[in-house]
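Residue numbers for the sequence shown follow my numbering, so the first one is -11 and each next one is one higher.
Below is one structure, written out as structure tokens; comments come after it.
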Amino acid sequence: MEQQIQFDNRLGEILAGTLHQPERTPVGAVIAGHCFTCSRHTGVLRRICSELCHAGFMALRFDFSGNGQSQGQFEQSTWSKQALEMEAAIALAQEKGAPWIGLAGHSLGAAIALIAARRMNVVSALCRVAGRVSGTRPMHFLTSSQQQALAQTGQVGFTSRGRALTLKQDFFDDAERHDLTAATRSLRVPMLVVHGDRDEIIPVAEAHLAKAANPAMVELSIVAGGDHMLAAPDHQRQVARTVAAWFCRQAGVPAPPGRDDAHRQT
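Below, the structure is given as structure tokens:
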């Protein structure tokens, strides 16, 4: 069952979410964060949460502030703010009685999930999909003219997914404070890293860097032919099954039998 919900971040902004509730008592909860400029309706997140629900987990995917149907201004986004919003989602799952907590995230959402997992000792497992661990300084991904505009005005404009968006200097200053390689190295909970080997945005080498940073805690799942959004239906099915089965192992519960494709989302 899918339920559209709302909850507040620490600034009182209302965040929009979709809660997947299993028919039986949940074995735990998994909170899922979306990619940069995306929303909770990204195909791979929908598929993962649906499969997790089938496996007996409560699954919550939500829009970070300034994205999707959530309140707030995109230009006020920072990594730290989004990590606090993921922590608010964790608190909501706990209020609903979840006995076990896992986190998941796609692309930038993977970075936010990692930051939140290290700060919240209630998190027992983490899955990062198409995430980066090195070269995490967003300033380096701006063109020279964008860097000049940022230096002169304290903000930079760009277009993404049909939206004209703005980021302020705070976003870049805050991102500089987060070292994802160090965070991966010091992680003390299991982490599944899922990555397409044809990712055109974040190279698959990033997945192998994560494994090298913490081989005892990191498990890899490389999707042959997968792009950054894992847009192909077959890739989404593969990823969802892999992620759900992995979270089942971490929570110590049996994975359910596969569902017939006729009952799956497309």
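Where is the CB? At the ideal position from N, CA and C, for every residue including glycine.
From a predicted model like this one, the values you see are computed outputs, not experimental measurements.
For residue 91 against residue 104, the beta-carbon gap comes to about 6 Å, under 8 Å, which counts as contact. For residue 199, the CB contacts under 6 Å within the same chain, skipping 5 residues up- and downstream, are 206 and 208 in chain order. Contact fails between the stretch 56 to 64 and the stretch 36 to 43, because fewer than three Cβ pairs, one in each stretch, are under 8 Å apart.
Distances from the alpha-carbon of residue 11 to those of -6, 45 and 26 put 45 closest. With fewer than 16 neighbouring CB atoms inside 10 Å of its own CB, residue 13 falls in the exposed class. Going by DSSP, residue 141 is part of the alpha helix (DSSP H) stretching over 132 to 141.
Sixteen is the threshold: since fewer than 16 other Cβ atoms of the shown chains lie within 10 Å of the Cβ of residue -1, the residue is exposed. Setting aside the 5 residues that flank it on each side, residue 182 is surrounded in the same chain by 117, 209 and 227, each with a C-beta closer than 6 Å to its C-beta; the list follows chain order. Proximity of the stretch 185 to 192 to the stretch 213 to 229 meets the contact definition, three or more beta-carbon pairs being nearer than 8 Å. One alpha carbon belongs to residue -11, the other to residue 85, and they sit about 17 Å apart. One thing to note: residue -5 has its Cβ within 9 Å of the Cβ of residue 76. With respect to residue 67, residue 48 sits apart: the two C-beta atoms are not nearer than 9 Å. Of the residues assessed, residue 145 falls on the exposed side of the cut-off, its CB having fewer than 16 other CB atoms within 10 angstroms. Exclusion of the five residues before and after residue 24 leaves 95 and 96 as the residues of its chain whose Cβ lies within less than 7 Å of its Cβ. Beta-bridge partners of residue 184 (DSSP): 211. Between residue -3 and residue 53 the beta-carbon gap is near 6 Å, inside 8 Å, which marks them as a contact. Residue range 221 to 239 is occupied by the alpha helix (DSSP H) that includes residue 226.
Rounded to whole angstroms, the Cβ separation of residue 170 and residue 125 is 14 Å, and the two are not in contact under 8 Å. Rounded to the nearest angstrom, the gap between the Cα atoms of residue 212 and residue 230 is 14 Å.
Assigned with DSSP and collapsed to three states, residue 115 falls in strand. In this structure, DSSP gives residue 151 an extended state, which the three-state scheme calls strand. Around the C-beta of residue 128, fewer than 16 other C-beta atoms lie within 10 Å, and the residue is accordingly described as exposed.
Listed in chain order, the non-local C-beta contacts of residue 80 below 6 Å within the same chain comprise -5, local neighbours out to five positions each way being set aside. For residue 42, the enclosing alpha helix (DSSP H) has its first and last residue at 31 to 42.
Less than 9 Å separates the beta-carbon of residue 18 from that of residue 89.
Residue pairing from DSSP places residue 91 in a beta bridge opposite 19 and 114.
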